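Counting in the working numbering, the sequence shown runs from 5 upward without gaps.
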Amino acid sequence: MADLILKNATVVTMNRRREIIQDGAVVVEGNRIIEVGKTKKVKSLHRTDLEIDCSEKLVLPGLIDCHVHLAQALIRGCADDLALIPWLKERVLPLQGTYTSKEGELSAKLCCLEMIKSGTTTFVESLLHWRYGFDEIAKVVEKIGIRGVLSKSLMNTPGYADQKNAIPEGMVEDGETTLKQTIGMIKRWHGKANDRIHVWFGARTPGACTVDFYREISERAKEYKTGITIHLGEVKKDIEYLRREFGMTPMEFMRHCGIVGPHVIYAHGVWIPPEDFKILRETGGTVCHCPASNLKLASGFAPIPEMLNAGVNVALGCDGGPSNNCYDMIREMKLAALIHKARLLDPEVLPAETVLEMATRNGADATLWRNKIGSIEKGKIADLIVIDLHKPHLVPVRNPVSNLVYAANGSDVETVIIDGKIVMKNRRITSINEEEVVQEAMKAGLEIDKKLGLNIKSRWPLK
Ligand SMILES: [Zn+2]
Numbered sequence: 005m006a007d008l009i010l011k012n013a014t015v016v017t018m019n020r021r022r023e024i025i026q027d028g029a030v031v032v033e034g035n036r037i038i039e040v041g042k043t044k045k046v047k048s049l050h051r052t053d054l055e056i057d058c059s060e061k062l063v064l065p066g067l068i069d070c071h072v073h074l075a076q077a078l079i080r081g082c083a084d085d086l087a088l089i090p091w092l093k094e095r096v097l098p099l100q101g102t103y104t105s106k107e108g109e110l111s112a113k114l115c116c117l118e119m120i121k122s123g124t125t126t127f128v129e130s131l132l133h134w135r136y137g138f139d140e141i142a143k144v145v146e147k148i149g150i151r152g153v154l155s156k157s158l159m160n161t162p163g164y165a166d167q168k169n170a171i172p173e174g175m176v177e178d179g180e181t182t183l184k185q186t187i188g189m190i191k192r193w194h195g196k197a198n199d200r201i202h203v204w205f206g207a208r209t210p211g212a213c214t215v216d217f218y219r220e221i222s223e224r225a226k227e228y229k230t231g232i233t234i235h236l237g238e239v240k241k242d243i244e245y246l247r248r249e250f251g252m253t254p255m256e257f258m259r260h261c262g263i264v265g266p267h268v269i270y271a272h273g274v275w276i277p278p279e280d281f282k283i284l285r286e287t288g289g290t291v292c293h294c295p296a297s298n299l300k301l302a303s304g305f306a307p308i309p310e311m312l313n314a315g316v317n318v319a320l321g322c323d324g325g326p327s328n329n330c331y332d333m334i335r336e337m338k339l340a341a342l343i344h345k346a347r348l349l350d351p352e353v354l355p356a357e358t359v360l361e362m363a364t365r366n367g368a369d370a371t372l373w374r375n376k377i378g379s380i381e382k383g384k385i386a387d388l389i390v391i392d393l394h395k396p397h398l399v400p401v402r403n404p405v406s407n408l409v410y411a412a413n414g415s416d417v418e419t420v421i422i423d424g425k426i427v428m429k430n431r432r433i434t435s436i437n438e439e440e441v442v443q444e445a446m447k448a449g450l451e452i453d454k455k456l457g458l459n460i461k462s463r464w465p466l467k
């Protein structure tokens, strides 16, 4: 007897043929999808303990956010409408540099709640500093029930591009220690929580790691058969630095350092030039597009349609609390679909379907769970989301994918199943007390500002 059936749904399978099944059903047993098809037929084959009626609802594979900063949920809105350098050097990094593991843990809870409530079932955290409390954060992921890559930050020099001491004291780490900590975390957490937790190497941006250190990271990732993620070509200065210092493009530099392969995610890639697309395609790495962050920080427009045309795997990410300022992949999909149309003066680029592929299948391909998540197919892991379409802003339904990308938002996600377990039902989180986390975060966020003597408030008079 199976455990759960989602019935009478419009199932957007994201399978190879991209079939959308009307009056569809998905059957879950343990953590696996064991049947997908028309409700009537599926129900004649399987009996289940629990049935969820999904009439007028969409069932989709869970969304995959390939670039997240868990610790930044608590500093949401700390640096709005500021230029990149003061944004980073006066606000984001110094505030994170005061974190204790208590704040790291709370921020991770807040961020995971927001992700689940907006349909993200898998995330890739890119830079966890030791001071955020890696073990505590891993325990949050284990308990809350989400699937996640936790990447430990690695650096061996406190720079950012050619700025020698760009990384403030509270955030500086040394090479040997960061390597040791990452390997320790791999040993303790990689594959834990029924393989819901993976530990990767989170290499810092060029300027914070020497070439030899990048090569060491590359070797260790191979040795432990895990992934690497790195911010690459986010701002123009990044590529100018690599050209001046090494005479290389970003991907030439990555190849020179050994940070290439299907196990690597390059976040942003705004300034990756066309000559790099071939290296990306040949080595099989993923570029993670973060449109909200790139727009808000005025970093530029990543050449996403061009990369996809060149055969590069492109995923999607929300980045962080100060740069987005939310972790809602549905809103991110809409931005991704819109901005390139205006940039290229072509409304046919990045249709809704392509963007949904970026948020599901392409995201899965970027992780070590490729072939296991990212679509609704027999044998795959049951990471599923249910979206209620019976709402004024979501009818009529001509093309369900179009409604999802252009008209929906994260709050339309009603139920979330991860690894076969119901993590949210009718918008109620089942694993932790949501209200407690919101209350705590409301207070703790402002306490962090006080540690630096910052008083960030409304720019309009508060009466
Ligand atoms: Zn980032």
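C-beta: ideal position from N, C-alpha, C; glycine also. Treat the numbers as computed from the prediction; the structure is a model and nothing was measured.
Query                                                                                                                                                                                            : Result
Nearer than 7 Å: is that true of the beta carbon of Asp323 relative to any heavy atom of ligand 1?                                                                                               : yes
Taking Gly28 as the reference, give the member of Leu62, His50 and Met18 with the closest Cα.                                                                                                    : Leu62
Could you give the distance in angstroms between the alpha-carbon of Ala314 and the alpha-carbon of Glu381?                                                                                      : 28 Å
Between the stretch 340-354 and the stretch 91-101, do at least 3 Cβ pairs fall closer than 8 Å?                                                                                                 : no
Could you tell me which uninterrupted beta strand (DSSP E) segments, each at least 3 residues in length, are contained entirely in the stretch 25-76, listed from first to last along the chain? : 36-42, 52-57, 61-65 and 67-72
Between the Cα of Glu59 and the Cα atoms of Ile452, Asn403, Cys70 and Val390, which residue gives the shortest distance?                                                                         : First, the amino acid is wrong: residue 59 is Ser here, not Glu. The option with the nearest alpha carbon to Ser59 is Val390.
Between the stretch 74-86 and the stretch 370-389, do at least 3 Cβ pairs fall closer than 8 Å?                                                                                                  : no
Rounded to whole angstroms, what is the Cα-Cα separation between Arg247 and Leu54?                                                                                                               : 59 Å
For Tyr103, collect the residues of the same chain with a Cβ closer than 7 Å to its Cβ; drop the 5 residues on either side in sequence, then sort them by chain order.                           : Ala75, Arg135 and Tyr136
With respect to the beta strand (DSSP E) encompassing Ser155, which residues constitute its N-terminal and C-terminal limits?                                                                    : Arg151 to Leu158
Could you check the C-alpha separation between Lys241 and Met255 for me, to the nearest Å?                                                                                                       : 15 Å
Buried or exposed for Met333, going by 16 or more other Cβ atoms inside 10 Å?                                                                                                                    : buried
As a quick exercise: from Val203, Ala319 and Thr186, pick the residue whose alpha carbon is nearest that of His194.                                                                              : Val203
For the alpha helix (DSSP H) containing Ser462, list its first residue and its last residue.                                                                                                     : First-last for Ser462: undefined, no H or E at that position.
Indicate, with yes or no, if ligand 1 has a heavy atom lying under 7 Å from the CB of Ser303.                                                                                                    : no
With DSSP run on the structure shown, which of helix, strand or coil describes Asn12?                                                                                                            : strand
Measuring CB atoms only, is the stretch 315-327 touching the stretch 292-299, in the sense that at least three cross pairs come out at less than 8 Å?                                            : yes
Would you say the beta carbon of Ser130 comes nearer than 7 Å to a heavy atom of ligand 1?                                                                                                       : yes
Beta-carbon separation of Asp423 and Asn198 under 8 Å?                                                                                                                                           : yes
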